[in-house]
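Peer 1: With the sequence shown counted from 1, adding 178 to any position gets you my numbering. We treat Cβ as the ideally placed atom computed from N, Cα and C, and that holds for glycine. Note that this is a predicted model, so its numbers are computed, not measured.
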Amino acid sequence: MVEEELQQLREEALKEIESLSNLEDLNVFRLKYLGKKGGLTGYLKKLKDLPLEEKKRIGSILNELKDQLEILLAEKEQEILFKQEDVLTGLDLSLPGRRPSLGGLHPLTQIIQEICEVFGRLGFDVVQGPEVETEYYNFTALNIPEWHPARDMQATFYLKNGAILRTHTSPIQIRTMLERKPPLRIIAPGKVYRCDDDVRHSPMFHQIEGLMVDKEVSFSDLKGVLTYFAKEVFGERTKVRFRPSYFPFTEPSVEMDISCVICSGKGCRVCSETGWLEILGAGMVHPEVFRSVNYDISLWQGFAFGLGIERIAMIKYEIDDIRLFFDNHLYFLECFK
Ligand code: FA5
Numbered sequence: 179m180v181e182e183e184l185q186q187l188r189e190e191a192l193k194e195i196e197s198l199s200n201l202e203d204l205n206v207f208r209l210k211y212l213g214k215k216g217g218l219t220g221y222l223k224k225l226k227d228l229p230l231e232e233k234k235r236i237g238s239i240l241n242e243l244k245d246q247l248e249i250l251l252a253e254k255e256q257e258i259l260f261k262q263e264d265v266l267t268g269l270d271l272s273l274p275g276r277r278p279s280l281g282g283l284h285p286l287t288q289i290i291q292e293i294c295e296v297f298g299r300l301g302f303d304v305v306q307g308p309e310v311e312t313e314y315y316n317f318t319a320l321n322i323p324e325w326h327p328a329r330d331m332q333a334t335f336y337l338k339n340g341a342i343l344r345t346h347t348s349p350i351q352i353r354t355m356l357e358r359k360p361p362l363r364i365i366a367p368g369k370v371y372r373c374d375d376d377v378r379h380s381p382m383f384h385q386i387e388g389l390m391v392d393k394e395v396s397f398s399d400l401k402g403v404l405t406y407f408a409k410e411v412f413g414e415r416t417k418v419r420f421r422p423s424y425f426p427f428t429e430p431s432v433e434m435d436i437s438c439v440i441c442s443g444k445g446c447r448v449c450s451e452t453g454w455l456e457i458l459g460a461g462m463v464h465p466e467v468f469r470s471v472n473y474d475i476s477l478w479q480g481f482a483f484g485l486g487i488e489r490i491a492m493i494k495y496e497i498d499d500i501r502l503f504f505d506n507h508l509y510f511l512e513c514f515k
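1. Can you give me the C-alpha to C-alpha distance between His379 and Pro327, rounded to a whole angstrom?
2. Tell me whether Asp392 sits in a helix, a strand or coil according to DSSP, three-state version.
3. What's the call for Tyr509, buried or exposed, on a 16-neighbour Cβ count within 10 Å?
4. Consult DSSP for Lys369 and reduce its assignment to one of helix, strand or coil.
5. Drop a sphere of 10 angstroms on the beta-carbon of Trp478, count the other beta-carbons inside from all chains shown, and report buried for 16 or more, exposed for fewer.
6. May I have a chain-ordered list of the beta strand (DSSP E) segments no shorter than 3 residues that lie completely inside the segment 448 to 491?
7. Does the ligand FA5 have even one heavy atom less than 6 Å from the beta-carbon of Ser279?
8. Does the contact criterion of 3 or more C-beta pairs under 8 Å hold for the segment 293 to 311 versus the segment 367 to 377?
9. Reducing DSSP to helix, strand and coil, say where Met179 ends up.
10. Where are the alpha helix (DSSP H) runs, 4 residues long or more, that stay fully inside the segment 307 to 380, in chain order?
11. Just curious, the alpha helix (DSSP H) that Arg208 is in, first and last residue?
12. Could you give the residue range of the beta strand (DSSP E) that holds Pro422?
13. For Ser470 and Ile352, which I take to be in contact (beta-carbon distance under 8 Å), what is that distance rounded to the nearest angstrom?
14. In the DSSP assignment, the alpha helix (DSSP H) including Pro285 goes from what residue to what residue?
15. Within its chain, find whatever has a CB closer than 7 Å to the CB of Arg489; leave out the 5 residues flanking it on each side and keep chain order.
16. Under a Cβ-count criterion, where at least 16 other Cβ atoms within 10 Å of its own Cβ denotes burial, should Cys438 be classed as buried or exposed?
17. From the DSSP output, read off the bridge partner residues of Thr428.
18. Specify the secondary structure class of Val304 as computed by DSSP and reduced to three states.
19. Within the continuous alpha helix (DSSP H) that includes Ser398, where are the two ends?
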């Protein structure tokens with residue numbers, strides 16, 4: 179009999195609790211069922227008049243019901259409080275959290291790291307040099323004396339007191355050879371500056387210089403190392419070709435082309451229908467350069483190369499305007515994360 183009443187009380191209470199929507203109603207409910215004069219308390223008071231067995235049985239039902247109502251009330255109270263907070267602050271706490279947006283490496287930094295890793299596997303150390311240079315390291319020591327027309331090949335930014343902004347990373351060859359004894363293998367990434375500005379040329383851009391000096395270094399070593407590099411960076415099927423060229427600091431000098439990554443050598447707009455893309459300048463170190471760093475030319479031979487990072491990145495990612503690398507538009511940079 180009492181059990182049936184309690185079961186009915188439970189059902190009513192659960193239904194009521196479900197429909198509560200504010201703190202006032204919640205308090206009314208609490209008083210109604212759990213307060214001093216509440217429904218459950220009334221039964222608890224009556225317990226003492228019951229025989230022992232029944233007291234135990236009904237007592238345990240009452241305690242269990244009281245615990246259940248208290249838990250449900252606490253949950254309901256939290257729910258109502260959260261909703262109130264949402265209305266006050268305009269927050270919807272049920273929405274999933276916003277993830278902080280993570281940055282990524284700049285595409286040029288990624289290419290520099292990738293190239294450094296490729297040459298690292300061949301035993302090349304990474305070195306650096308200053309961006310503000312003297313004419314001596316940038317030109318003279320590289321076999322480009324003051325009167326030499328080759329100085330005009332690279333439109334130079336002159337600073338006060340005779341300093342310049344380096345026009346290429348080749349002065350790092352000189353600085354390294356003055357610091358270290360041969361044999362050596364280095365690559366040197368860095369910013370360089372030229373008075374140039376169009377869709378393929380930027381006044382500030384990046385180069386990577388490479389230099390290997392040893393007792394028996396031949397033109398085949400140059401070809402082998404640079405072919406390995408091209409296949410690692412542009413893919414195993416990439417073909418390379420070497421064309422004669424001129425740099426004052428190498429003799430003989432070459433330019434290396436790779437088969438066009440867009441049309442695989444068939445000819446397209448990007449490679450001007452030739453099937454080839456030029457990616458770097460290179461050559462055997464000129465004896466005059468070895469003389470300027472006091473390396474014995476009867477003992478030592480070497481090859482050097484220099485490549486433009488933006489050019490490599492433009493080919494690799496099919497980008498036709500160099501300025502995109504420096505505008506720092508997020509939608510552009512996010513493509514390389
Ligand atoms: C040189 O700078 C030589 N120092 C390379 C070298 C090193 C040859 C060692 C032999 C031995 P060049 O002026 O061609 O060479 O420039 C190299 C590359 O830099 C070019 O192939 C091109 O990719 C890139 N480059 C040149 N000017 C610009 C510019 N204004 N903006 C972006 N890239 C440029």
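Peer 2: Short version:
1. 21 Å
2. strand
3. exposed
4. strand
5. buried
6. 454 to 463 and 479 to 486
7. no
8. yes
9. coil
10. 313 to 316 and 349 to 357
11. Leu201 to Leu212
12. Val418 to Phe425
13. 7 Å
14. Pro285 to Arg299
15. Ile457
16. buried
17. Phe425 and Val463
18. strand
19. Phe397 to Phe412
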